[in-house]
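From first to last, the protein sequence lines stand for chains A and B. For the first sequence, the UniProt record's numbering gives the first residue as 1, with consecutive numbering after it. For the second sequence, the UniProt record's numbering gives the first residue as 1, with consecutive numbering after it.
2 protein chains.
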Amino acid sequence: MRSIFQEELDAVSQTLVDLTKMVSDSINKATTSLIDANITLAEEVISFDEKIDQIQHDLDARIIDIVARQQPVATDLRALLTALRMSADLERMGDLAHHVAKVARLRHPDSAVPLELQTTLQRMGHVAENMARKVGTVIESRDTALALEVETDDDEMDKLHRDLISILVSSEWKAGVASAIDITLLGRYYERFADHAVSVARRVYYLVTGEFAPQK
Amino acid sequence: MRSIFQEELDAVSQTLVDLTKMVSDSINKATTSLIDANITLAEEVISFDEKIDQIQHDLDARIIDIVARQQPVATDLRALLTALRMSADLERMGDLAHHVAKVARLRHPDSAVPLELQTTLQRMGHVAENMARKVGTVIESRDTALALEVETDDDEMDKLHRDLISILVSSEWKAGVASAIDITLLGRYYERFADHAVSVARRVYYLVTGEFAPQK
Chain A
1 MRSIFQEELD AVSQTLVDLT KMVSDSINKA TTSLIDANIT LAEEVISFDE
51 KIDQIQHDLD ARIIDIVARQ QPVATDLRAL LTALRMSADL ERMGDLAHHV
101 AKVARLRHPD SAVPLELQTT LQRMGHVAEN MARKVGTVIE SRDTALALEV
151 ETDDDEMDKL HRDLISILVS SEWKAGVASA IDITLLGRYY ERFADHAVSV
201 ARRVYYLVTG EFAPQK
Chain B
1 MRSIFQEELD AVSQTLVDLT KMVSDSINKA TTSLIDANIT LAEEVISFDE
51 KIDQIQHDLD ARIIDIVARQ QPVATDLRAL LTALRMSADL ERMGDLAHHV
101 AKVARLRHPD SAVPLELQTT LQRMGHVAEN MARKVGTVIE SRDTALALEV
151 ETDDDEMDKL HRDLISILVS SEWKAGVASA IDITLLGRYY ERFADHAVSV
201 ARRVYYLVTG EFAPQK
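What follows is the structure in structure tokens.
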């Protein structure tokens, strides 16, 4: 029976990797919809989030079923419970991409992002997309060095986020309070997206090494 | 052995209830620290968050240990895995109270909240504190009617949040962009705090009835 169990574990892992690709695509499209005020793309991200939620829901049911049937102990149990937490992180990353797309939709046909912030926002989108994709490789390869790299990416995200806020509070900000609210929330969404990516990477690190990754 | 297992389940439930009280106190104190620019109280909330994290961490380890030793199936397994998710929600509520207190600390000796928003923010704090406390009773009593009431409280929170934003974008807003950023983030923290309270209440509802609570 062991090999069927192993196949089940591998399938769980594969679904997690699939989810990382989906949320990576979603944050990429959400960013483009935001910068280009592309309503079609925004709608696509918004409706695709339901699919991500469904996949996560099915995955969780599958994990619980495996735990109940196979009664795993020690390492295998820990891996399954960690998978349950990673799926929650990934589902939340999907939500955050959805939130970004909703800001794009709300401001359409205008862009929610004033010209002077577009480069910074685009970079945040790029870092976020990349982190999600890297986390997929971390889950697949269990590469702990790569897991630590995700934390370095998060430093880059934090820096971009600080840049964003400093432009916002600068005296040159002429786009008004409503726009400042949009940008504040968008900054928060990207930052949280990155936090969840770090969380997944740290969970893999712990699973592989039995130790917590050093705090930045 | 069954009775020891039952005692272990009860102890898990009791720790969850304890956590609801802690995060309820934290959001209450964080709100007061914010309105009164009370730095001592803000520091208290910030350092207490570490304690909440530790309790959650120990609780999770305890739950995983019970699953590994007792190999529960069906209802008991589901209850334990749900407890794991509720502890994550409660830990996050502690983080959000911490975030509120950090805004208070950042703006000290000023209040981060302009006079015209203090009543709304205070109400949001009151609703949040109350929701966390109610969720504790829901965990203890498994009262599904009360679980649904938490969703009604969340409607109240959403309304207060909309009020907050509408004052912010009104032409009377004179407090500047930096203050608008603070208020936007604060609004988001309270809203998310309430979302997690709803999440816990819905998990209890599902556990008791086997069905999802109707969406609002």
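Where a beta carbon is used, it is the ideal one built from N, C-alpha and C, also for glycine. Nothing here was measured: the structure is a model prediction, and the numbers come from that model.
Could you check what DSSP says for residue i in three-state terms: helix, strand or coil?
i         : result
Ser-26/B  : helix
Gln-14/B  : helix
Asp-36/A  : coil
Asp-182/A : helix
Lys-51/A  : helix
Ser-199/A : helix
Lys-159/B : helix
Asp-110/A : coil
Ala-147/A : helix
Asp-68/B  : Correcting the residue identity first, residue 68/B is Ala in this sequence and not Asp. Note: Ala-68/B maps to helix in three-state DSSP.
Ser-166/B : helix
Lys-21/A  : helix
Ala-42/A  : helix
Ala-61/A  : helix
Ala-175/B : coil
What distance in whole Å lies between the Cβ atoms of residue j and residue i, which are believed to be in contact at a cut-off of 8 angstroms?
i             : j         : result
Met-131/A     : Asp-153/A : 5 angstroms
Asp-169/B     : Ile-181/A : In the sequence as displayed, the identity of residue 169/B is Val instead of Asp. That belief holds up - the Cβ atoms of Val-169/B and Ile-181/A are roughly 7 angstroms apart, short of 8 angstroms.
Met-157/A     : Glu-191/A : 6 angstroms
Lys-134/A     : Glu-151/A : With a Cβ gap of about 11 angstroms, Lys-134/A and Glu-151/A do not count as contacting.
Thr-144/B     : Tyr-205/B : 5 angstroms
Ala-97/B      : Ser-199/B : That belief does not hold up - the Cβ atoms of Ala-97/B and Ser-199/B are roughly 16 angstroms apart, past 8 angstroms.
Asn-125/A     : Thr-20/A  : Sequence inspection shows Gly at residue 125/A; the Asn mentioned does not correspond to that position. Not really, about 16 angstroms apart at Cβ, beyond 8 angstroms.
Met-86/B      : Arg-203/B : 6 angstroms
Val-12/B      : Ile-63/B  : 6 angstroms
residue 217/B : Thr-31/B  : Outside the displayed span of chain B (1 to 216) sits residue 217/B, for which this structure offers no information.
Mind checking residue i: buried by the 16 CB within 10 Å criterion, or exposed?
i         : result
Phe-212/B : exposed
Lys-102/A : buried
Pro-72/A  : buried
His-57/B  : exposed
Ala-194/A : buried
Ile-183/A : buried
Pro-109/A : exposed
Ala-61/B  : exposed
Ala-74/A  : exposed
Thr-40/B  : exposed
Please report the residue range of the alpha helix (DSSP H) in which residue i lies.
i         : result
Arg-133/A : 115-141
His-98/B  : 74-107
Gly-210/A : Counting along the chain, Gly-210/A falls outside any alpha helix (DSSP H), and DSSP gives it neither H nor E.
Can you tell me which of the options puts its alpha carbon nearest to the alpha carbon of residue i?
i         : options                                       : result
Ala-128/B : Asp-110/B, Ser-87/B, Leu-160/B and Lys-51/B   : Leu-160/B
Ser-33/A  : Val-198/A, Arg-192/A and Ala-42/A             : Ala-42/A
Lys-51/A  : Thr-31/A, Arg-162/A, Leu-90/A and Ala-79/A    : Leu-90/A
Ile-167/B : Gly-125/B, Arg-203/B and Thr-119/B            : Thr-119/B
Ala-147/B : Val-208/B, Ile-27/B and Arg-123/B             : Val-208/B
Val-67/B  : Ser-26/A, Glu-8/A, Leu-77/A and Ala-61/A      : Leu-77/A
Leu-59/B  : Ser-47/B, Ala-83/B, Val-73/B and Lys-21/B     : Ala-83/B
Ile-165/A : Glu-172/B, Ile-165/B, Ser-179/B and Lys-174/B : Ser-179/B
Asp-155/A : Gln-215/A, Val-113/A and Arg-203/A            : Gln-215/A
Lys-29/B  : Pro-109/B, Arg-105/B and Thr-184/B            : Arg-105/B
Leu-186/A : Ser-111/A, Asp-18/A, Leu-121/A and Thr-15/A   : Leu-121/A
Glu-172/B : Ser-111/A, Asp-49/A and Gly-176/A             : Gly-176/A
Asp-49/A  : Arg-92/A, Ile-39/A and Ile-64/A               : Arg-92/A
Ala-112/B : Leu-9/B, Asp-36/B, Arg-123/B and Gln-14/B     : Asp-36/B
Arg-162/B : Arg-123/B, Leu-16/B and Ile-4/B               : Arg-123/B
Ser-141/B : Glu-8/B, Leu-16/B and Ile-4/B                 : Leu-16/B
Asp-18/A  : Arg-107/A, Ser-47/A and Asp-53/A              : Asp-53/A
Val-197/A : Arg-69/A, Ala-88/A and Lys-174/A              : Residue identity differs from the one stated: residue 197/A is Ala in this sequence, not Val. Among Arg-69/A, Ala-88/A and Lys-174/A, the Cα nearest to that of Ala-197/A belongs to Ala-88/A.
Leu-9/B   : Ser-47/B, Gly-210/B and Gln-70/B              : Gln-70/B
Asn-38/B  : Ser-3/B, Arg-107/B and Leu-80/B               : Arg-107/B
Pro-114/A : Leu-80/A, Lys-174/A, Ile-4/A and Ile-55/A     : Lys-174/A
Gln-14/B  : Ser-47/B, Ser-3/B and Ile-55/B                : Ile-55/B
- Task: Identify each residue in the UniProt domain "PhoU" (18-103) of chain A for which the Cβ-Cβ distance to at least one residue of chain C is less than 8 angstroms, and report them in chain order.
- Result: Considering every chain present, this structure includes no chain C. Its protein chains are A and B.
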